[in-house]
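Engineer:
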Amino acid sequence: MLPQLLEEIAHAKVLVVGDVMLDRYWYGDVERISPEAPVPVVAVKQAKELPGGAANVAQNVRTLGAACTLFSISGDDREADGLERMLGEAGIRCQLHRDKLLNTTVKLRVISRHQQLLRIDFDCPVSKDARVKLLDSYLKHLSEYDAVIISDYGKGGLGYIQEMIQAARAASRPVVVDPKGDDYSGYRGANLITPNRKEFEHVAGRFRDNAELERKALAMTKELDLSGVLVTRGEDGMSLVEQDGRVLHIPAHKREVFDVTGAGDTVIASIGCAWAVDSKLEDALHLANIAAGIVVGKLGAATASPAEIMYELSAQEE
């Protein structure tokens with residue numbers, strides 16, 4: 166079924182809305198400890214910049230073959246220029262509402278020998294005016310797309326997320342949300358939310374086994390009128406609990422993990438693309454599981470192409 170699904174996704178149009186950021190990487194060698202403090206000295210030899218946050222979700226959508234538009238808020242700065250340039254080169258239509266009082270979010274990672282030594286975040290609060298403009302653009306263009314992906318990184322750009330979800334629901338557009346924070350009430354009415362295990366337990370409480378997870382997730386679907394909750398669990402795979410009581414536990418594909426950065430972005434992008442073409446949820450999750458397995462085998466926020474997915478699928482069937 167996946168070959169046909171990937172062919173259909175090539176004709177889909179997906180809208181991604183959420184918090185964008187610039188992922189900046191500094192690579193270097195560590196050969197000594199600083200005399201000033203017991204910390205490694207990194208001699209930086211290479212620097213790289215990549216789209217991060219919702220921008221990485223958009224990259225994943227586009228790599229899977231769907232047409233993609235990204236709505237977000239950024240600063241009016243060099244970092245925003247870089248994001249627009251990179252996304253444009255990837256074939257993604259990008260509409261950044263630039264706030265002159267805002268600095269574009271940057272995550273700086275220092276890496277040596279494939280190991281992340283340090284991450285430094287540069288964040289800035291988002292103005293209400295920018296959030297209103299984002300909502301206006303979303304409502305104006307929503308009907309042009311087959312599915313909506315909301316990527317919430319807790320940076321403040323999604324102040325009207327409930328209005329976005331309700332508008333998508335009224336327009337019969339599936340909406341899948343990657344949530345953040347300790348209050349999920351803003352995601353009420355979404356088709357699916359995709360927290361990782363840590364995020365889910367932060368809101369619903371710790372679970373010891375699948376049965377306890379199922380009880381907590383089912384209660385969440387009913388309380389928030391969600392069609393389902395998908396908990397991504399790293400090496401333990403993914404667990405889906407739907408409001409009608411159906412449960413699916415999907416094991417992860419065994420492979421060497423280099424970096425889990427962006428794996429959640431790949432999962433939500435895969436599901437959003439599959440739903441854009443009215444795919445069955447089981448097929449959407451199969452696609453998401455394979456794509457995420459490919460991405461964690463790469464360093465940094467990455468994507469999985471249809472060719473890579475088909476190669477992985479054929480390898481599993483041998």
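Taking this note's numbering, I'd label the letters of the sequence shown as residues 166 to 483. We treat Cβ as the ideally placed atom computed from N, Cα and C, and that holds for glycine. Quantities reported herein were computed from a predicted structural model and do not represent experimental measurements.
(1) DSSP on HIS279, reduced to helix/strand/coil?
(2) For GLY240, write down the residues that DSSP places opposite it in a beta bridge.
(3) Nearest CA to the CA of ALA467: which residue from VAL181, ASN221, LEU282 and VAL394?
(4) Touch check for the region 268-288 and the region 305-316: three-plus C-beta pairs under 8 Å?
(5) First and last residue of the beta strand (DSSP E) that includes TYR349?
(6) Am I right that ALA127 and ASP448 are in contact with their C-beta atoms under 8 Å? What's the rounded C-beta distance?
(7) Less than 7 Å between C-beta atoms, sequence neighbours within five positions excluded: which residues of the same chain meet that for GLU328?
(8) Beta carbon of SER444, beta carbon of LEU170: below 7 Å?
(9) Quick check: the Cα distance between LYS265 and PRO216, rounded to an integer number of angstroms?
(10) So TYR190 is in the alpha helix (DSSP H); what residue range does that whole segment cover?
(11) Among SER337, VAL195 and ARG274, whose alpha-carbon lies nearest the alpha-carbon of ASP188?
(12) Helix, strand or coil for VAL179, going by three-state DSSP, please let me know.
(13) What did DSSP end up calling ILE436 once you bin it into helix, strand or coil?
(14) Taking SER237 as the reference, which of ALA382, ASP347, ALA369 and GLY321 has the closest Cα?
(15) Taking the DSSP output, what are the residues bridged to GLN492?
(16) What are the boundary residues of the alpha helix (DSSP H) that VAL341 is part of?
(17) Quick check: what's the CA-CA separation for HIS279 versus LYS387?
(18) Please report how far the alpha carbon of ALA332 lies from the alpha carbon of VAL179, in whole angstroms.
(19) Measuring straight from C-alpha to C-alpha, what distance separates ALA208 and VAL195?
Structural biologist: Per the coordinate set shown:
(1) To locate residue 279, count along the sequence shown from 1; it is residue 114. Three-state result, HIS279: coil.
(2) In the sequence shown, the residue the question calls residue 240 occupies position 75. DSSP, once it has assigned bridges, lists ASP264 as partnering GLY240.
(3) As a working mapping, residue 467 is identified with position 302 in the sequence shown. Ranking the options by Cα distance to ALA467, first place goes to ASN221.
(4) no
(5) As a position in the sequence shown, residue 349 is number 184, starting the count at 1. Taken as a continuous stretch (DSSP letters only), TYR349 belongs to no beta strand (DSSP E), as it is neither H nor E.
(6) Any answer about residue 127 is impossible in this case: the structure gives the chain only from 166 up to 483.
(7) As a working mapping, residue 328 is identified with position 163 in the sequence shown. Excluding positions up to five away in sequence, the list reads LEU300.
(8) Stepping through the sequence shown from its first residue, residue 444 is reached at position 279. Stepping through the sequence shown from its first residue, residue 170 is reached at position 5. Result yes, Cβ atoms of SER444 and LEU170 sit closer than 7 Å.
(9) The residue you call residue 265 lines up with position 100 of the sequence shown. The residue you call residue 216 lines up with position 51 of the sequence shown. About 20 Å.
(10) Numbered from 1 along the sequence shown, position 25 holds the residue referred to as residue 190. No alpha helix (DSSP H) holds TYR190; the beta strand (DSSP E) holding it covers 185-198.
(11) Numbered from 1 along the sequence shown, position 23 holds the residue referred to as residue 188. Among SER337, VAL195 and ARG274, the Cα nearest to that of ASP188 is on ARG274.
(12) Numbered from its first residue, the sequence shown carries residue 179 at position 14. Strand, per DSSP.
(13) As a first step, residue 436 must be located in the sequence shown, where it is residue number 271. Correct three-state label for ILE436: helix.
(14) Numbered from its first residue, the sequence shown carries residue 237 at position 72. The candidate whose alpha carbon is nearest that of SER237 is GLY321.
(15) Nothing about residue 492 can be read from this structure; the chain reaches only from 166 to 483.
(16) Here residue 341 refers to the residue found at position 176 when the sequence shown is read from its first residue. Looking at the DSSP string, VAL341 is not in any alpha helix (DSSP H); the run it does join, the beta strand (DSSP E), is 340-343.
(17) Taking the sequence shown and counting its residues from 1, one reaches residue 279 at position 114. Taking the sequence shown and counting its residues from 1, one reaches residue 387 at position 222. Approximately 43 Å between the Cα atoms of the pair.
(18) For the purposes of this step, residue 332 is identified with residue 167 of the sequence shown, where counting begins at 1. For the purposes of this step, residue 179 is identified with residue 14 of the sequence shown, where counting begins at 1. The alpha-carbon atoms of ALA332 and VAL179 are separated by roughly 15 Å.
(19) Sequence index remark: in the sequence shown, residue 208 carries index 43 (1-based). Sequence index remark: in the sequence shown, residue 195 carries index 30 (1-based). Going by the C-alpha atoms only, they are around 7 Å apart.
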